[in-house]
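Here's the structure, in structure tokens; my notes come after.
Numbering (UniProt numbering), first residue to last: 1 to 302.
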């Protein structure tokens, strides 16, 4: 559906290739355009063609090549078109039978009316331009005031943000120090607990997890023998499978072979037998025999 120009006597429309622009929706600019058009009210779909705007009212040097009005543009080419169209309309209305005097009087009246219309339109346009300029100045001042206020608000927010950031940094530092302090306490507590259970060589084994080549202390060998005699071969093997820091069965056997048997009471052997006896519950199991292969006593001659 074609759109027609709402300016009086203007016959331009979109079908003829003219560009039409809507009446502004803002109350102040809408009223200004109505004053320039000399119309009390217009339909919301009313449009004005591009012929009623001078080149100064359009944006220049657009990259997309579109012809768009400036934000505060006004239709400043209305008076000449109205007068020209009015003149044509009046000339067409003059009958052929009119006398020369009637035509002269009519032309004089038309000239007077044109002058009055021009003065009225110029006055209206000057008033509208003045009103628009005042409005633009007010808007500019208002925008500057709003911009200053927004800048102040942004500066305040920035300062508050910096304060919050500094506070968070201090909190992070404090929490980091507390975490390191608690980690040290926890590590010390763990070491204390482990040292109360395991010997130093056992702790080294827990750190390296390498049983081969570990030099077990006599105290650790004694612990291993106690567990071996208490749990048996299968039980002790299961303990080793659970990665507990104790010597292997072969290491225990090897260390037992190195026990020194010297004349007198064999304290080490008796200690091992005592450990074994503590875990024997049947009487038959508690019976033991000490056998001596040969014994020779040589008496010194007097």
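Idealized CB from N, CA, C, for every residue including glycine.
Given the structure is predicted, the values throughout are model-derived calculations rather than measurements.
- Going by C-alpha positions, residue 37 is about 43 Å away from residue 152.
- When DSSP states are grouped into helix, strand and coil, residue 205 belongs to the helix group.
- Around the Cβ of residue 246, a 10 Å sphere holds 16 or more other Cβ atoms; the residue is buried.
- In this structure the segment 237-256 lies against the segment 201-214, because at least three pairs of beta carbons, one per stretch, are closer than 8 Å.
- In the three-state reduction of the DSSP assignment, residue 244 falls in the coil class.
- DSSP, read as helix, strand or coil, puts residue 69 in strand.
- Per DSSP, residue 22 is one residue of the beta strand (DSSP E) stretching across 20-22.
- Rounded to the nearest angstrom, the Cβ distance from residue 7 to residue 43 is 14 Å, too far for a contact under 8 Å.
- With respect to the C-alpha of residue 57, the residue from 214, 75 and 66 having the closest C-alpha is 75.
- Apart from the 5 residues on each side of it in sequence, residue 194 sits with its Cβ closer than 8 Å to the Cβ of 203 and 206 in its chain, given in chain order.
- Bounds of the beta strand (DSSP E) holding residue 47 are 47-49.
- Scanning 62, 70 and 158 for the CA closest to the CA of residue 50 turns up 70.
- Buried is the label assigned to residue 224, since at least 16 other Cβ atoms lie within 10 Å of its Cβ.
- Around the C-beta of residue 48, 16 or more other C-beta atoms lie within 10 Å, and the residue is accordingly described as buried.
- Counting C-beta atoms within 10 angstroms of its own C-beta, residue 236 has 16 or more neighbours from the protein chains shown and is therefore classed as buried.
- In the structure shown, the three-state DSSP call for residue 4 is strand.
- When the Cα atoms are used, residue 156 and residue 166 turn out to be separated by approximately 15 Å.
- A straight-line Cα-Cα distance of about 30 Å links residue 31 and residue 149.
- Residue environment for residue 5: buried (at least 16 other C-beta atoms within 10 angstroms of its C-beta).
- In its chain, beyond the 5 residues on either side, 13, 14 and 15 have a beta carbon closer than 6 Å to the beta carbon of residue 2.
- The three-state secondary structure of residue 166, taken from DSSP, is helix.
- Residue environment for residue 78: buried (at least 16 other C-beta atoms within 10 angstroms of its C-beta).
- DSSP lists no beta-bridge partner residue for residue 146.
- Around the beta-carbon of residue 252, 16 or more other beta-carbon atoms lie within 10 Å, marking it buried.
- A straight line joining the alpha-carbon of residue 160 with that of residue 170 spans about 15 Å.
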